[in-house]
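Notes to accompany the following structure.
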Amino acid sequence: MKTAQNQLQRQLEQPLAPVWIVSGDEPLLCAEASDSIRAACRKAGCEEREVYDVDQHFDWGRLHSAGHSLSLFASQRLIELRIPSGKPGDQGNRALLEWLEQPPQDTYLLINLPKLDASTQKTKWAKSLIEHQCSRFVQIWPVDASQLPEWIRNRLGSAGLQASPEVIELLVNRVEGNLLAAAQEIEKLRLFSTSNVLELEAVTQQVADSARFDVFNLIDALLQGQPAHALRILQGLRSEGVAAPVVLWALGRELRSLAAMAHELSRGIPQERVFSSQRPPIWDKRKPLLAKALARHPAEYWENWLQLAQQADEQIKGQQPGDAWDSMTLLTAQASGLRLSL
Numbered sequence: 001m002k003t004a005q006n007q008l009q010r011q012l013e014q015p016l017a018p019v020w021i022v023s024g025d026e027p028l029l030c031a032e033a034s035d036s037i038r039a040a041c042r043k044a045g046c047e048e049r050e051v052y053d054v055d056q057h058f059d060w061g062r063l064h065s066a067g068h069s070l071s072l073f074a075s076q077r078l079i080e081l082r083i084p085s086g087k088p089g090d091q092g093n094r095a096l097l098e099w100l101e102q103p104p105q106d107t108y109l110l111i112n113l114p115k116l117d118a119s120t121q122k123t124k125w126a127k128s129l130i131e132h133q134c135s136r137f138v139q140i141w142p143v144d145a146s147q148l149p150e151w152i153r154n155r156l157g158s159a160g161l162q163a164s165p166e167v168i169e170l171l172v173n174r175v176e177g178n179l180l181a182a183a184q185e186i187e188k189l190r191l192f193s194t195s196n197v198l199e200l201e202a203v204t205q206q207v208a209d210s211a212r213f214d215v216f217n218l219i220d221a222l223l224q225g226q227p228a229h230a231l232r233i234l235q236g237l238r239s240e241g242v243a244a245p246v247v248l249w250a251l252g253r254e255l256r257s258l259a260a261m262a263h264e265l266s267r268g269i270p271q272e273r274v275f276s277s278q279r280p281p282i283w284d285k286r287k288p289l290l291a292k293a294l295a296r297h298p299a300e301y302w303e304n305w306l307q308l309a310q311q312a313d314e315q316i317k318g319q320q321p322g323d324a325w326d327s328m329t330l331l332t333a334q335a336s337g338l339r340l341s342l
């Protein structure tokens, strides 16, 4: 059954359907809808999660086995299927139809699909996912240019921030329709702003494209393996008064992604498959940067740096002695390729 995007939270407060489908091409909104479903499943008692990335070589027998095997550790669990092509194939079609007709007990299924075109929606498997009484099909629609100002205003409100029409217009022009970029800018404003009422002058200074030092430039220098440049940017951010949580937010977000991808690569999963399974999707122009960084260090190094980022977070909160900037300096130096002992 179809569930409107703006009714998802209300639907999740009711007894959960056994099958959920999130379909769309807007990475941020798809990821957040999936996160909401995962949270509801955890609240319902799911203690175990299994994720399957479906490509043309996927063995659909694994889904059947997962659904009908008993867990030794959890009474309820969530199984996720990521189908980036939107085409499960003949075996997948049959497997999904069988699941819908007889969903396993104590198991929820979350399926992530791209936007399905009109012809695909008429196929038997897709119609069943959309219309079956035991499924909830959430179609994610993009936010067009006319809707973006209101979307940003609502997003700011959810972050506890207020903004004038001039500030909204500035942010609209800055992000150019990229919702992920908009969410990142709003998160930086939430972390860095000293007031919940955003002033145009302060916001202009913070999000200016011509900013000499920027956290995103720091990430790029780290990925490119340029330790001297990365450390200069980090020092510049510090000297310009950028809050440590803002810098750590960017570093931590990138490290979590890199650590997860490095782990998958260490298991022998092909790089392109690892990249294609990421949510939100990786832009093509960033893939060479990420590939270069991942080839530079083994998986355990990324895990170590993730722990160092956690240490910096605890230092910011006063839960550990030491200076978070020192921890971030060490992290940046090592991750960008400077030869230091861990």
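In the UniProt record's numbering, the protein residues as written are 1 to 342.
Don't be surprised by glycine CBs; every beta carbon is placed ideally from N, CA and C.
Query                                                                                                                 : Result
H263 in three-state terms, based on DSSP                                                                              : helix
As assigned by DSSP and simplified to three states, the class of T123                                                 : coil
Stretch-stretch touch, CB-based, cutoff 8 Å, three pairs: the stretch 146–155 with the stretch 165–182                : yes
Range covered by the alpha helix (DSSP H) that runs through N173                                                      : P165 to V175
The alpha helix (DSSP H) enclosing T194, as first and last residue numbers                                            : Counting along the chain, T194 falls outside any alpha helix (DSSP H), and DSSP gives it neither H nor E.
Three-way DSSP call (helix, strand, coil) for R212 in this model                                                      : The predicted model places R212 with a pLDDT of 46, which falls under 50 and marks its position as unreliable; any figure quoted below should be read in that light. Coil.
Continuous alpha helix (DSSP H) stretch holding S75: start and end                                                    : No alpha helix (DSSP H) holds S75; DSSP gives it neither H nor E.
Beta-carbon spacing of A163, L198 below 8 Å                                                                           : yes
Spatial distance of D313 from T329 (CA atoms)                                                                         : 13 Å
Nearest-angstrom Cβ-Cβ length linking E50 and R77, presumed shorter than 8 Å                                          : 7 Å
Inter-residue Cα distance where the pair is A309 and D284                                                             : 27 Å
Alpha-carbon to alpha-carbon, R174 and D209                                                                           : Residue confidence for D209 is low, a pLDDT of 43 falling below 50, so the modelled location carries little weight; the figure read from the coordinates is stated next. If you take the alpha carbons of D209 and R174, they lie about 8 Å apart.
Straight-line Cα distance separating T332 from H297                                                                   : 13 Å
Candidates S69, S327, A291 and L8, of which the one nearest A39 by Cα                                                 : L8
Best match in D55, D59 and G67 for proximity to E48 [C-alpha to C-alpha]                                              : G67
Straight-line Cα distance separating E166 from N304                                                                   : 43 Å
Coarse secondary structure for S135, derived from DSSP in three states                                                : strand
According to DSSP, residues forming a beta bridge with D53                                                            : R82
Selected residue, minimal CA-CA separation from K188, among A243, Q147 and V172                                       : A243
Burial state of P245 (16 or more Cβ within 10 Å)                                                                      : buried
Cβ separation of L222 and A230, assumed to be a contact under 8 Å, to the nearest whole Å                             : 5 Å
Where G241 falls, given that 16 or more other Cβ within 10 Å makes a residue buried                                   : exposed
Alpha-carbon to alpha-carbon, V143 and residue 392                                                                    : Nothing can be reported for residue 392, as the shown portion of the chain is limited to 1 through 342.
Contact under 8 Å by Cβ, G92 with V54                                                                                 : yes
Burial state of R212 (16 or more Cβ within 10 Å)                                                                      : Residue placement at R212 cannot be trusted, given a pLDDT of 46 that sits under 50; what the coordinates show is reported in the next sentence. With fewer than 16 Cβ atoms within 10 Å of its Cβ, R212 is classed as exposed.
Residues of its chain near E131, where Cβ-Cβ distance is below 7 Å and the 5 sequence neighbours each way are ignored : M1
Assigned exposure category for T194 - 16 Cβ within 10 Å defines buried                                                : exposed
Outcome for A295 when other beta-carbon atoms lying within 10 angstroms are tallied against a minimum of 16           : exposed
CB-CB length for A33 against I140, believed under 8 Å                                                                 : 6 Å
According to DSSP, residues forming a beta bridge with I111                                                           : I21 and L81
Continuous alpha helix (DSSP H) stretch holding E26: start and end                                                    : Where E26 is concerned, there is no enclosing alpha helix (DSSP H), given that its DSSP letter is neither H nor E.
Rounded separation between L218 and I37 - CA only                                                                     : 33 Å
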